Amino acid sequence: MAKTVDEIAEAMYNMIKEATGLKKLKATDLTKAIIELYGDEADKQLCKDAIKQLVNSGRCVYTYFGGSFIELPHREGAAND
Amino acid sequence: MADTVVKTPKLDELEKGKWPSFVKEIKMAAKTSPMAQDLLGQLELSYEQKLGHWKHGGIVGVMGYGGGVIGRYSDMPDKFPNVSHFHTIRINQPSGWFYTSKALRTLCDIWEKHGSGLTNMHGSTGDIIFLGTSTPHLEPIFSELTKAGFDLGGSGSDVRTPSCCVGPARCEWACYDTLAMAYDLTMSFQDELHRPAFPYKFKFKMSGCPNDCVASIARSDMSIIGTWRDSIQIDKDAVAEYASRGMDIKADVVDNCPAKCMEWDGKELHIENSYCRRCMHCINVMPKALRPGKDRGATVLIGAKAPIIEGALLASVLYPFVKIEAPYQQIKDVVAKIWDVWCEEGKNRERIGEFIQRVGLGNFLDAIEVEPVAEMVAHPRENPYVFYEEYFEEDETAEEQK
Ligand code: SF4
Ligand code: SF4
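In structure tokens:
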């Protein structure tokens, strides 16, 4: 049975959390990892919707360091108060 | 109004000469903007020390969007507190950069209220650029911009704000409606523009004719350049008038034709259209006498980029000729396939042109299900670099039969 957007968002959130401090993940990394994890139960559109949900809810943010990544909100090193 | 107090002997040098000077503009803004004053101070210091003093921050943006704001901080916030934050905002420009004066005033009012007042109309991406604001102002700026009918543009690994030449709005050479297409692609790819999901950036640029006023052939991942496939329209009387007024048609037109497909016998101009490369040279020189043909469309090219990570690339032909009509389905379908393959196989920060070079054009065409054609060449009528399997099959069969 196809996974729901909520389930995929939760799985992505956990992947991002686990990778924090080790590796920055891009939308393509998350999509590939989810499709590998869930096979036919997930597709690219569901992954797109899950990322949208994570970012729109503020649980994750887009960041840019040469390329665009999806991370947990944090205070970045370069920022001045 | 207080005069700028910052002494800038090095920057002053950049005001000399006849050309416009960004220093002059910043000084003007510095009369009312403390941010612009500190910007002058920090810049002068950078010129003195030969050292940049900006740090790039990657997390600033507006809620839900992954592009449109480029974070920047001073690494000397104590000395230059007013540029401690100096973020850039990209705003999606209207197709062809047409504004009412009211719209321009609205933009400037928003920016004077929330930022340095310094703009760049327009950046090399085509967007309206607002230079210099702080993080707490980002959401209010976004909200005022959207109320005024504007939206942020692209930045990061997403579709960059599509941009086009003025096209049929002002230019008689436009072979298709560049403005309509830029608007349509912008609206169709909103998700891809605001939510970065690619290995790297992807730019669309649309030029109405081969003069390519937006330099799409060198500056965009997908370049859509207007062209025609029938014959150049000739007004014989107008050609004769050019000649009678002293134009040296042989030297200025015929001899400069890259295809050497024109003849001028002193009375009549003849063009062998099957050899014409649609370069626009003759039309540009004799605009009253020559016009593009009537069967118009565009050539779609792929893979150009400016040098950032690797060297510059010029675009290669993907479709020699397509009719350009809304809703542009043929182009949208191939774009979807290109993005699929590139997202699947592309490396981080690899532009589509670099990706094609890495996997080979033949494999790329296979993956996006586009048949190779003879026009996919590095230079017109030379150097075919497409692998034609059937030729090899024929050769192999001939070998086997020996
Ligand atoms: S690219 Fe061609 S159609 Fe567009 S503005 Fe330039 S000359 Fe005109
Ligand atoms: S458009 Fe260019 S190639 Fe064609 S006839 Fe004119 S000068 Fe020659």
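Protein sequence lines correspond, in order, to chains A and B.
Read in order, the letters of the first sequence correspond to residues 1 to 81 in this note's numbering.
Read in order, the letters of the second sequence correspond to residues 82 to 483 in this note's numbering.
Beta carbons are placed, not taken as given, at the ideal position from N, Cα and C, and that holds for glycine.
All values reported here derive from a predicted model rather than from experimental measurement.
Residue i - DSSP class collapsed to helix/strand/coil
i	result
G307 (chain B)	strand
A407 (chain B)	coil
N201 (chain B)	strand
R462 (chain B)	Residue placement at R462 (chain B) is poorly supported in this model, since its pLDDT is 48, which falls under 50; the coordinates still yield a value, given next. R462 (chain B) falls in the coil class under three-state DSSP.
E7 (chain A)	helix
G177 (chain B)	helix
S269 (chain B)	helix
Y356 (chain B)	helix
V55 (chain A)	helix
P73 (chain A)	coil
Y264 (chain B)	helix
Y400 (chain B)	strand
Y154 (chain B)	strand
I390 (chain B)	coil
R377 (chain B)	strand
C47 (chain A)	helix
heavy atom of ligand 2 below 8 Å from residue i C-beta
i	result
V334 (chain B)	yes
N292 (chain B)	no
A340 (chain B)	yes
M328 (chain B)	no
C360 (chain B)	yes
N80 (chain A)	no
I298 (chain B)	no
I390 (chain B)	no
C363 (chain B)	yes
Interface flag, residue i vs chain A, CB-CB below 9 Å
i	result
E322 (chain B)	no
C290 (chain B)	no
R276 (chain B)	yes
T216 (chain B)	yes
N429 (chain B)	yes
P373 (chain B)	no
I140 (chain B)	yes
S236 (chain B)	yes
M367 (chain B)	no
R462 (chain B)	Its pLDDT being 48, under 50, R462 (chain B) is placed unreliably by the model, and the measurement read from it follows with that caveat. Not one chain A Cβ lies under 9 Å of R462 (chain B).
E425 (chain B)	yes
Identity of the residue in the options nearest residue i by Cα
i	options	result
G39 (chain A)	A:D81, A:R75, A:I8	A:I8
W192 (chain B)	B:S205, B:I209, B:S176, B:G177	B:I209
R310 (chain B)	B:F223, B:M367, B:E353	B:E353
M268 (chain B)	B:E425, B:V403, B:P175	B:P175
G230 (chain B)	B:P280, B:L394, B:L185	B:L185
L274 (chain B)	B:N173, B:V247, B:C342, B:Q314	B:N173
I305 (chain B)	B:A250, B:N337, B:S397	B:S397
T89 (chain B)	B:S301, B:T200, B:L120, B:T113	B:L120
R430 (chain B)	A:L22, A:I35, A:Y64	A:Y64
T380 (chain B)	B:I330, B:V403, B:L394, B:V366	B:V403
L30 (chain A)	B:A278, B:P388, B:Y323, B:G441	B:A278
F285 (chain B)	B:A393, B:G374, B:S301	B:S301
A387 (chain B)	B:T206, B:S325, B:T187	B:T206
heavy atom of ligand 1 below 8 Å from residue i C-beta
i	result
W178 (chain B)	no
R251 (chain B)	yes
G248 (chain B)	yes
G378 (chain B)	no
G145 (chain B)	no
Residue-level contact to chain B via CB, residue i, 9 Å cutoff
i	result
I51 (chain A)	yes
Y64 (chain A)	yes
V5 (chain A)	no
Contact belief for residue i with residue j at Cβ below 8 Å, rounded distance in angstroms
i	j	result
H137 (chain B)	G152 (chain B)	6 Å
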